[in-house]
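Enquirer: Here's a structure for you.
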Amino acid sequence: MNEVLDSFPASEAVEPVGPPPPPPPGPIAQSVAIGFRAVYAAGLLLLLIWLMSNVHEIASDSQAVVLRFGRIVRTQQSGLLLAWPRPIERVELLPGPERQLSQPVSTLPPWSEKSQELVGPFDATQAMPQNIAAYLTGDGNVVLLNATLIYRIDDPIAYALEQTHVAPALDRLFRATTVHVTAGRDLDNFLVVESANPQSTDQAVMAQVRSSLLNTMNARLQALAAAGTPLGVEVERIDMTAYYPPEAKTAYDAVLLATEAADRGVAEANTDAERRRQEANREHDQLLSAAQATATELVSRANVDTARILALARQETPQTRSSLVLREYRAEVSQILSGVGSAVLIDPKTGVRYVLPGKPK
59 MNEVLDSFPA SEAVEPVGPP PPPPPGPIAQ SVAIGFRAVY AAGLLLLLIW LMSNVHEIAS
119 DSQAVVLRFG RIVRTQQSGL LLAWPRPIER VELLPGPERQ LSQPVSTLPP WSEKSQELVG
179 PFDATQAMPQ NIAAYLTGDG NVVLLNATLI YRIDDPIAYA LEQTHVAPAL DRLFRATTVH
239 VTAGRDLDNF LVVESANPQS TDQAVMAQVR SSLLNTMNAR LQALAAAGTP LGVEVERIDM
299 TAYYPPEAKT AYDAVLLATE AADRGVAEAN TDAERRRQEA NREHDQLLSA AQATATELVS
359 RANVDTARIL ALARQETPQT RSSLVLREYR AEVSQILSGV GSAVLIDPKT GVRYVLPGKP
419 K
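What follows is the structure in structure tokens.
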């Protein structure tokens with residue numbers, strides 16, 4: 059046997075025979091494999107998108123509340139928020155704590171015709187807003203108030219739980235607070251004349267009313283929080299405008315017109331008084347100037363008239379006194395006699411009369 063095998067050439071040695079290789083896959087199988095790979099890739103892409111679906115960027119004026127299976131687990135301020143995708147976790151965006159929200163106070167429907175007359179509807183000449191309500195003041199009058207609440211969120215968890223109840227709760231709290239405040243004040247504390255001076259008494263009274271409303275309303279909100287039902291908000295400001303009822307509006311306008319007419323009359327009287335005062339001062343100055351000029355003139359004339367006498371007084375001595383007096387007497391008598399027609403002289407001792415001829419005509 060070995061010799062037989064050695065007789066064959068080495069190149070022609072027979073290799074061991076095995077199973078044949080599998081045939082290559084056909085086009086259908088290749089298409090199915092490619093389709094499965096595409097499905098796997100799409101599934102992975104969708105899974106990645108689903109995992110990243112609850113990644114949010116919280117703006118600077120917002121905040122977020124994260125709920126896991128309906129339960130609040132955490133809150134986050136501005137920044138990048140990473141949360142599990144829905145339905146595991148849900149993210150609710152809320153306004154930030156520094157952002158102010160406004161809410162006009164809604165009104166209740168009037169329950170009687172008299173109440174309907176107080177709150178409208180009004181005619182075209184009475185420009186009043188729609189959200190207006192009537193309140194009774196401490197002096198038995200009625201005031202109409204239109205208010206807007208400016209508040210912010212200070213507890214995002216409580217606000218998220220009570221979000222649907224915040225607006226009606228604020229309305230009820232404002233009405234209860236306003237009834238309490240208006241019952242302790244007069245009508246004049248609400249309806250004041252607007253003044254450009256911020257330090258005026260009317261403006262100070264109105265500021266006290268708004269401050270009382272704000273403090274009382276925040277105290278009620280704190281009482282709700284202490285009772286275990288917080289709303290998560292704090293009122294920052296109350297913008298409020300007061301109006302007279304339509305029946306009193308006419309009388310108020312008449313009083314206002316009378317007040318304006320009286321003020322105008324007072325202003326005109328003050329103007330006329332000031333004009334008269336200025337005229338009197340001017341006349342006083344004129345009279346004073348004329349009197350001073352007359353006095354100066356009289357003094358000058360007196361000085362002139364007494365100059366000769368003063369000169370004689372400086373010349374007078376005991377020896378020359380009689381001669382000076384006689385000389386002056388003769389000078390004066392000659393002037394007097396030169397102006398008369400005739401003169402009769404009577405000697406007091408003998409009674410002899412002397413007739414002196416005067417100045418010929």
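Counting from 59, one number per residue, gives the positions in the sequence shown under my numbering. Virtual Cβ for every residue (Gly too), placed ideally from N, Cα, C. Please read all numbers here as calculations on a predicted model, not as lab measurements.
#1: How long is the line joining the alpha carbons of W142 and R233, rounded to whole angstroms?
#2: Looking only at its own chain, which residues have a Cβ that is under 6 Å from the Cβ of T165, when we skip the five neighbours before and after it?
#3: Would you call I296 buried or exposed, if buried means 16 or more other Cβ atoms sit within 10 Å of its Cβ?
#4: The beta strand (DSSP E) that contains A300, what's its start and end?
#5: Whole angstroms is fine: what's the gap from Q257's alpha carbon to N339's?
#6: Report the residue from R334, L289, F248 whose alpha carbon sits nearest the alpha carbon of S269.
#7: Alpha carbon to alpha carbon, what distance is there between E337 and A331?
#8: State the DSSP-derived secondary structure class of T124, mapped to helix, strand or coil.
#9: Please name the residue in L203, A205, E220 whose C-alpha comes closest to that of I211.
#10: What does DSSP give as the partner residues of E150 in its beta bridges?
#11: Would you tell me roughly how many angstroms separate the C-alpha atoms of T222 and Y193, rounded to the nearest one?
#12: Check whether the stretch 100-109 and the stretch 129-137 touch, using three or more Cβ-Cβ pairs below 8 Å as the test.
#13: By how many angstroms is the C-alpha of T352 removed from the C-alpha of A389?
#14: In its own chain, which residues sit with a C-beta less than 7 Å from the C-beta of A218, not counting the 5 before and 5 after it?
#15: Determine the burial state of G242: buried for a count of at least 16 other Cβ atoms within 10 Å of its Cβ, exposed for fewer.
#16: Extract the residue ranges of the alpha helix (DSSP H) inside the stretch 206-235, only unbroken runs of 4 or more that lie entirely within it.
#17: Strictly by DSSP, which residues pair up with H32?
#18: Which residues in the same chain have their Cβ closer than 6 Å to the Cβ of S111, if we skip the five residues on either side of it in sequence?
#19: Reducing DSSP to helix, strand and coil, say where A285 ends up.
#20: Is it right to say P376 is buried, meaning 16 or more other beta carbons lie within 10 angstroms of its own, or is it exposed?
#21: Anyone know if the C-beta pair for E115 and L138 falls short of 7 Å?
#22: Just to confirm my understanding: we take D246, look at its own chain, exclude 5 residues before and 5 after, and list those with CB closer than 7 Å. What are they?
#23: With a threshold of 16 other CB atoms inside 10 Å of the CB of V362, please say whether the residue is buried or exposed.
#24: Tell me which same chain residues have a C-beta within less than 7 Å of the C-beta of P77, skipping the five on either side of it?
#25: For the alpha helix (DSSP H) that contains E115, what are its first and last residues?
#26: Give the DSSP-derived three-state secondary structure of S136 in the structure shown.
#27: Excluding five sequence neighbours on each side, which residues of the same chain lie with their C-beta closer than 7 Å to the C-beta of D197?
#28: From Q280 to A262, what does the alpha carbon distance come to, in whole angstroms?
Expert: In brief:
#1: Along the sequence shown, read from residue 1 onward, the residue named residue 142 stands at position 84. Along the sequence shown, read from residue 1 onward, the residue named residue 233 stands at position 175. Approximately 43 Å, taken between the alpha carbons.
#2: Taking the first residue of the sequence shown as 1, we reach residue 165 at position 107. Contacts found: N189, A191.
#3: Taking the first residue of the sequence shown as position 1, residue 296 is located at position 238. So I296 ends up on the buried side.
#4: Taking the first residue of the sequence shown as position 1, residue 300 is located at position 242. Counting along the chain, the beta strand (DSSP E) containing A300 begins and ends at 291-301.
#5: Position 199 of the sequence shown, counted from the first residue, corresponds to residue 257. Position 281 of the sequence shown, counted from the first residue, corresponds to residue 339. Its pLDDT being 47, under 50, Q257 is placed unreliably in this model, and the value from its coordinates should be taken loosely. Distance between the alpha carbons of Q257 and N339: 36 Å.
#6: Locating residue 269 in the sequence shown gives position 211, where the first residue counts as 1. Nearest C-alpha to S269: F248.
#7: Stepping through the sequence shown from its first residue, residue 331 is reached at position 273. Stepping through the sequence shown from its first residue, residue 337 is reached at position 279. Approximately 10 Å, taken between the alpha carbons.
#8: Against the sequence shown, residue 124 aligns to sequence position 66. Here the sequence assigns Val to residue 124, which means Thr is not the residue at that position. Of the three classes helix, strand and coil, the one that applies to V124 here is strand, per DSSP.
#9: Position 153 of the sequence shown, counted from the first residue, corresponds to residue 211. Minimum Cα distance to I211 is reached at E220.
#10: Looking up residue 150 in the sequence shown gives position 92. Answer is V123.
#11: Taking the first residue of the sequence shown as position 1, residue 222 is located at position 164. Taking the first residue of the sequence shown as position 1, residue 193 is located at position 135. Their Cα atoms are separated by approximately 27 Å.
#12: no
#13: Counting from one through the sequence shown, the residue named residue 389 turns up at place 331. Counting from one through the sequence shown, the residue named residue 352 turns up at place 294. Approximately 30 Å, taken between the alpha carbons.
#14: Taking the first residue of the sequence shown as position 1, residue 218 is located at position 160. Excluding positions up to five away in sequence, the list reads V123, I130, E150, L152.
#15: The residue you call residue 242 lines up with position 184 of the sequence shown. Exposed, by the Cβ-count rule.
#16: 214-219
#17: Residue 32 lies beyond the range of the chain shown here (59 to 419); nothing can be said about it.
#18: The count along the sequence shown starts at 1 and reaches residue 111 at position 53. So the qualifying residues of the chain are P143.
#19: Looking up residue 285 in the sequence shown gives position 227. Of the three classes helix, strand and coil, the one that applies to A285 here is coil, per DSSP.
#20: Within the sequence shown, residue 376 is the residue found at index 318, counting from 1. The residue in question, P376, is exposed, as its Cβ has fewer than 16 Cβ neighbours within 10 Å.
#21: Numbered from its first residue, the sequence shown carries residue 115 at position 57. Numbered from its first residue, the sequence shown carries residue 138 at position 80. Yes, these two residues count as a Cβ contact at 7 Å.
#22: Position 188 of the sequence shown holds residue 246. No residues qualify anywhere along the chain.
#23: As a working mapping, residue 362 is identified with position 304 in the sequence shown. Counting Cβ neighbours within 10 Å, V362 comes out exposed, since fewer than 16 surround it.
#24: Position 19 of the sequence shown, counted from the start, is the residue given in the question as residue 77. Excluding positions up to five away in sequence, the list is empty.
#25: One-based indexing of the sequence shown puts residue 115 at position 57. Where E115 is concerned, there is no enclosing alpha helix (DSSP H), although the beta strand (DSSP E) it sits in stretches over 113-116.
#26: Taking the sequence shown and counting its residues from 1, the one referred to as residue 136 is at position 78. If DSSP states are grouped into helix, strand and coil, S136 belongs with coil.
#27: Stepping through the sequence shown from its first residue, residue 197 is reached at position 139. If we look at D197 and ignore the five residues flanking it on each side, its Cβ neighbours are D244, L245.
#28: For the purposes of this step, residue 280 is taken as the residue at position 222 of the sequence shown. For the purposes of this step, residue 262 is taken as the residue at position 204 of the sequence shown. When rounded, the distance between both Cα atoms is 27 Å.
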